[in-house]
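Engineer: Respectively, the protein sequence lines represent chains A and B.
Numbers in my numbering are just positions in the first sequence, counted from 1, shifted up by 104.
Numbers in my numbering are just positions in the second sequence, counted from 1, shifted up by 104.
Protein chains: 2
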Amino acid sequence: MAKRSKPEPSVFDETCSARHALELIAGKWPMLILSALAESPMRHGALMRRVGGVSQKMLTQTLRDLERNGLITRQDHQCVPPHVEYELSALGGTLAGALIELDRWAEHNFPQLDAARERFDAAQRRSKRRP
Amino acid sequence: MAKRSKPEPSVFDETCSARHALELIAGKWPMLILSALAESPMRHGALMRRVGGVSQKMLTQTLRDLERNGLITRQDHQCVPPHVEYELSALGGTLAGALIELDRWAEHNFPQLDAARERFDAAQRRSKRRP
DNA sequence: CCTCATAGGCACCAAAAGGTGTGTACTTGC
DNA sequence: GCAAGTACACACCTTTTGGTGCCTATGAGG
Numbered sequence: 105m106a107k108r109s110k111p112e113p114s115v116f117d118e119t120c121s122a123r124h125a126l127e128l129i130a131g132k133w134p135m136l137i138l139s140a141l142a143e144s145p146m147r148h149g150a151l152m153r154r155v156g157g158v159s160q161k162m163l164t165q166t167l168r169d170l171e172r173n174g175l176i177t178r179q180d181h182q183c184v185p186p187h188v189e190y191e192l193s194a195l196g197g198t199l200a201g202a203l204i205e206l207d208r209w210a211e212h213n214f215p216q217l218d219a220a221r222e223r224f225d226a227a228q229r230r231s232k233r234r235p
Numbered sequence: 105m106a107k108r109s110k111p112e113p114s115v116f117d118e119t120c121s122a123r124h125a126l127e128l129i130a131g132k133w134p135m136l137i138l139s140a141l142a143e144s145p146m147r148h149g150a151l152m153r154r155v156g157g158v159s160q161k162m163l164t165q166t167l168r169d170l171e172r173n174g175l176i177t178r179q180d181h182q183c184v185p186p187h188v189e190y191e192l193s194a195l196g197g198t199l200a201g202a203l204i205e206l207d208r209w210a211e212h213n214f215p216q217l218d219a220a221r222e223r224f225d226a227a228q229r230r231s232k233r234r235p
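1. Can you list, in chain order, the residues of its chain with a C-beta nearer than 6 Å to that of A:G138? Leave out the 5 residues immediately preceding and following it.
2. State the start and end residues of the unbroken alpha helix (DSSP H) segment that holds A:E112.
3. Just curious, the beta strand (DSSP E) that B:E191 is in, first and last residue?
4. Can you pull the chain B neighbours of A:Q216, defined as C-beta to C-beta under 8 Å?
5. Assign A:G196 to buried or exposed, taking buried as 16 or more other Cβ atoms, counted over all protein chains shown, within 10 Å of its Cβ.
6. Under a Cβ-count criterion, where at least 16 other Cβ atoms within 10 Å of its own Cβ denotes burial, should B:A226 be classed as buried or exposed?
7. State buried or exposed for B:P215, treating a residue as buried only when at least 16 other CB atoms are found within 10 Å of its CB.
8. State yes or no: is the beta carbon of B:A150 nearer than 9 Å to at least one beta carbon in chain A?
9. Please list, in chain order, the residues of the segment 110-130 of chain B that have any C-beta partner in chain A closer than 9 Å.
10. Closest by CA to B:H212, which one among A:A122, A:F116, A:D117, A:P111?
11. Closest to B:L170 by C-alpha separation, out of B:R221, B:L136, B:V184, would be which residue?
12. Any C-beta of chain B sitting closer than 9 Å to the C-beta of A:T164?
13. Using three-state DSSP, classify B:T177 as helix, strand or coil.
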């Protein structure tokens, strides 16, 4: 019989490390930042401009987290004024494809989401009026 | 010349509907729930069991949000005790592939993330001791 | 001389996410 | 007929997330 010691890693198991991995990337800032870096390595300022709506604090925080987990690398040129560049690591690169697929999905299908939302909300309003 | 009225939809633009679309699915619960439903349609209770660590409240809330945006459909059989089934809509189905790819990425690469994190934290501790 | 850009740190506060417990409306068991 | 179990929704409260403003030091440009 098969060994019980290796319960296949699954993102559905909250105690599994695979879940932690998913949680690291499953967020709007990590996804956008990784996608942006997939296009090209960038500096802090360039990322701020590229990723609309991100605050300086969230950007720094997310970059640190991604660096800590080895998805991006940070090149500090140790000069003044500071010059620091971020880029996808090899590991991060293996993720880029799936991320970009999600971006594209959003960019292609948002009209259908908008329409569905409008329909749903209209139905809600109707049932509120007729309880 | 090209019309200025259509600035290509981009997830990087915070005012673009595509961004809203991405934010809807860029979260740990939406991702896990959609992945679970990609395997098979399920009832509330079955989803609770499948998606480890989700609370009943978050599950309901996320399901509502996904239903509102047309990614899943809710079949209420209107009987007692209640019997409600959730399944991916056609639109939701077009998303399943990318989601499952992310799940698999996490399940395959989490050891590298763990190792990188350990290395990073060790380096942090070293520089704390030598300031 | 004064301001801006560069890459952050730190503190404070508002907003949102999320967990726990309770309620409903019906079943089955005793 | 009353207790317990099920499938779901909802209200309350805590924790986390995220935004804003102010700070560093330096060199460039007005």
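Ideal Cβ placement from N, Cα and C applies to all residues, glycine included.
Please read these numbers as outputs of a predicted model, since none were measured by experiment.
Structural biologist: Taking the coordinates as given:
1. First, the amino acid is wrong: residue 138 of chain A is Leu here, not Gly. Once the five neighbours on either side are set aside, the close Cβ partners of A:L138 are L203.
2. Where A:E112 is concerned, there is no enclosing alpha helix (DSSP H), given that its DSSP letter is neither H nor E.
3. Following the DSSP letters along the chain, one finds B:E191 inside the beta strand (DSSP E) bounded by residues 188-192.
4. The answer, in chain order, is G174, L195.
5. A:G196 comes out buried.
6. Exposed: under 16 other Cβ atoms inside 10 Å.
7. Residue burial is scored here from C-beta neighbours: B:P215 has fewer than 16 other C-beta atoms within 10 angstroms and is therefore classed as exposed.
8. Taking CB atoms only, B:A150 has no neighbour in chain A less than 9 Å away.
9. Listed by position, the residues of the segment 110-130 of chain B near chain A (Cβ gap below 9 Å) are E112, P113, S114, V115, F116, D117, E118, T119, C120, S121, A122, R123, H124, A125, L126, E127, L128, I129, A130.
10. Selection A:A122, A:F116, A:D117, A:P111 evaluated against B:H212 yields A:A122 as nearest (Cα-Cα).
11. Scanning B:R221, B:L136, B:V184 for the CA closest to the CA of B:L170 turns up B:L136.
12. For A:T164, no CB of chain B lies under 9 Å from its own CB, so it is not counted at the interface with that chain.
13. Here B:T177 sits in strand by DSSP.
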